[in-house]
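**Q** Residue numbers (the working numbering): 259 to 859. Just dropping this structure here.
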């Protein structure tokens, strides 16, 4: 690299700007990405920033600006000088208005200002924003939209979680609009303007106060997805479906007592149909007309029902096999997802009773979407939180016929439990607010993949180290200050993710993981590379980005070994000369200012 190259000088100047920002703001919350001769993406998230630093103006090639979850009260007037800016993600601030100069962002394509208390948005709908195609204003407190919205050539408009009672007439002029979402608002009448949006592909009006929709709603020629869940609908006309690609209809949680008229018109299409949460008076007869049977095959209409309102029918006939087989005999062509079988299982039932009831229900003919167990231990695999976990439950799940021959690429009856050849091979407990991992997990001697990402874990049970079959372990985004010792007993482990924790170092016992191929230590507090990784002979990818590493000179020989390394966003001011020339090394790695961003991660 030659110092007099203007492109190199430009990127070095921009790197100085970013490093200056890092000195001003929490280092771990600023990230940036370089392409060719300039920084194209800047990320400043969750720093309590109250105003945008003016140094950003020196990033002439800036294309993407991510400033979510700060304390920004406004956009500065100089924002309009960022001529190349295409994407702004500014959700989760306290922005109330937009300056006039905002309309100078002629390259802007996408803007997300969700979760801001917007009061004045008139400058957002200027003709100057001629390239703005995606506008996301969810949960901003909007009570009405200005008529100037027609100045924009939007393809996506998201307005969820506001207080809109109607839409401006001018919105009907946005003939480019493909995706319109106005969920969780105050719409009492269906906005007639929507019927003029002839290119609309997706329309979602969930959780409003609608009592009716136009009978010709399905005549929109390009409509594929229609969501009307959580309203007050009790009738729906399914006639004259103009779009050959119509594939999704959600009318769940309304006030239907009988099936919509001409619902059989959907059966000739590949439609995902959600009818759950309605107060049915009768068990719906969903028999397919004879003329559609041959075209349905295994890819026809997928129907989601729930039977929580059909208590009378269930009490009269506790044998779910008969319930399924009599009115739905013609649905043997399809997988049926039955939502919340709460009446099938009584409070206090033990696992043996549950197992027998499920088997009696012949549930191998369908998939559970969410099975709620109402008994003392309160185990609910459909809920977002796990309270207790039992090896007896895991043993039960392995024996259930519903786990046999399930296509894992379509649907899973129990989110997070994956089965192959009747054995559990993957357990995903992602985002379950777990503070402790149950020892019983070690009883799954066929487990190959364990995901514990995004929990509250500080330690792991020693028994975990006894799962000899484990090859994949994700412990990212927890509260580990040190790696649990049991991890280093997993000698067959090939993938280990410890990113987004509070690790300062790794013990030398990391070298016990001789089969390890991928190791992710990014976004921790490491000041040096762990010495033990040099003895991992099979390591192929190493991610140590976003740490506090400043010196890598003792790892030069290691980097010549042919692995891929991400060293970006550390305190490395200069790369050792031995590593600056790709011809001298077989290692592929990324460090800003030297090599491009690694798309192989």
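Every residue gets a Cβ at the ideal spot worked out from N, C-alpha and C, and that includes glycine. As the structure is a computational prediction, the values presented were derived from the model and not from experiment.
When you compare only the Cα positions, how much space is there between residue 325 and residue 301?
**A** Rounded to the nearest angstrom, the two C-alpha atoms are 6 Å apart.
**Q** Once you ignore the five residues that flank residue 793 on each side, which residues in its own chain have a CB closer than 6 Å to its CB?
**A** 769
**Q** Out of 815, 720, 460, 716, point me to the one whose CA is closest to residue 438's CA.
**A** 460
**Q** Can we count residue 334 as close to the ligand FAD, meaning its CB is less than 7 Å from some heavy atom?
**A** In the structure shown, the ligand FAD is absent, as is every other ligand, since no ligand is present at all.
**Q** Alpha carbon to alpha carbon, what distance is there between residue 362 and residue 699?
**A** 57 Å
**Q** Spell out the partners DSSP gives residue 776 in its beta bridges.
**A** 753, 799
**Q** Looking at C-alpha atoms only, which residue of 684, 705, 716 is the closest neighbour of residue 692?
**A** Checked all of 684, 705, 716; the closest Cα to residue 692 is 716.
**Q** Considering only C-alpha positions, which residue in the set 397, 406, 398 is nearest to residue 388?
**A** 406
**Q** Report yes if the C-beta distance between residue 417 and residue 390 is below 8 Å; otherwise report no.
**A** No, they are not a contact pair.
**Q** Are the CB atoms of residue 344 and residue 322 within a distance shorter than 8 Å?
**A** yes
**Q** Is the beta carbon of residue 376 closer than 8 Å to that of residue 353?
**A** yes
**Q** For residue 464, tell me which candidate among 444, 455, 492 has the shortest Cα-Cα distance.
**A** Checking every option, the nearest Cα to that of residue 464 belongs to 444.
**Q** Given this structure, state the Cα-to-Cα distance separating residue 276 from residue 290, to the nearest angstrom.
**A** 8 Å
**Q** I need the straight-line Cα distance from residue 686 to residue 723, nearest angstrom please.
**A** 18 Å
**Q** Could you check the C-alpha separation between residue 760 and residue 745 for me, to the nearest Å?
**A** 16 Å
**Q** Within a Cβ cutoff of 7 Å, which residues of the same chain sit near residue 490, ignoring the five residues on either side of it in sequence?
**A** 467, 468, 469, 512, 513
**Q** Which of the three DSSP states, helix, strand or coil, is assigned to residue 702?
**A** coil
**Q** Cα separation between residue 755 and residue 732?
**A** 5 Å
**Q** Based on DSSP bridge pairs, tell me the residues matched to residue 368.
**A** According to DSSP, residue 368 bridges with 345, 392.
**Q** Let me know if residue 824 comes out buried or exposed under the rule of 16 or more other beta-carbons within 10 Å of its beta-carbon.
**A** buried
**Q** Near residue 726, which residues of its chain fall below 7 Å by C-beta distance, leaving aside the five closest residues on each side in sequence?
**A** 750
**Q** Please give me, in chain order, every unbroken run of the beta strand (DSSP E) with length at least 3 that falls completely inside the segment 312-336.
**A** 322-324
**Q** Does the beta-carbon of residue 421 have 16 or more other beta-carbons within 10 angstroms, so that it is buried, or is it exposed?
**A** exposed
**Q** Indicate the three-state DSSP secondary structure (helix, strand or coil) for residue 583 in the structure shown.
**A** With a pLDDT of only 39 at residue 583, under 50, the local geometry of the prediction cannot be trusted, and the value read off the model is given with reservation. The answer is helix: DSSP assigns residue 583 an H, G or I state.
**Q** Using a Cβ-Cβ cutoff of less than 6 Å, which residues in the same chain neighbour residue 860 once the five nearest sequence positions on both sides are dropped?
**A** Any question about residue 860 goes unanswered here, given that the chain covers just 259 to 859.
**Q** In whole angstroms, what separates the C-alpha of residue 702 from that of residue 748?
**A** 14 Å
**Q** Out of 696, 734, 752, 682, state which residue places its alpha-carbon closest to the alpha-carbon of residue 689.
**A** 734
**Q** Going by C-alpha distance, which of 492, 411, 368 is nearest residue 473?
**A** 492
**Q** What are the residues that DSSP puts in a beta bridge with residue 732?
**A** 709, 755
**Q** What residue range does the beta strand (DSSP E) around residue 804 cover?
**A** Residue 804 -> no beta strand (DSSP E), and no H or E assigned at all.
**Q** Using only CA atoms, which one of 447, 449, 409 lies nearest to residue 432?
**A** 409
**Q** Note down, one range per segment and in chain order, each beta strand (DSSP E) of at least 3 residues found wholly within the segment 396-457.
**A** 414-416, 437-439
**Q** Taking residue 774 and residue 797 to be in contact with their CB atoms under 8 Å, please state how far apart those CB atoms are, rounded to whole angstroms.
**A** 6 Å
**Q** Distance, Cα to Cα, residue 710 vs residue 508?
**A** Approximately 32 Å, taken between the alpha carbons.
**Q** Look at residue 313 and residue 278 and say whether their C-beta atoms are less than 8 Å apart.
**A** yes
**Q** Based on Cα-Cα distance, which residue from 319, 350, 360 lies nearest to residue 338?
**A** 360
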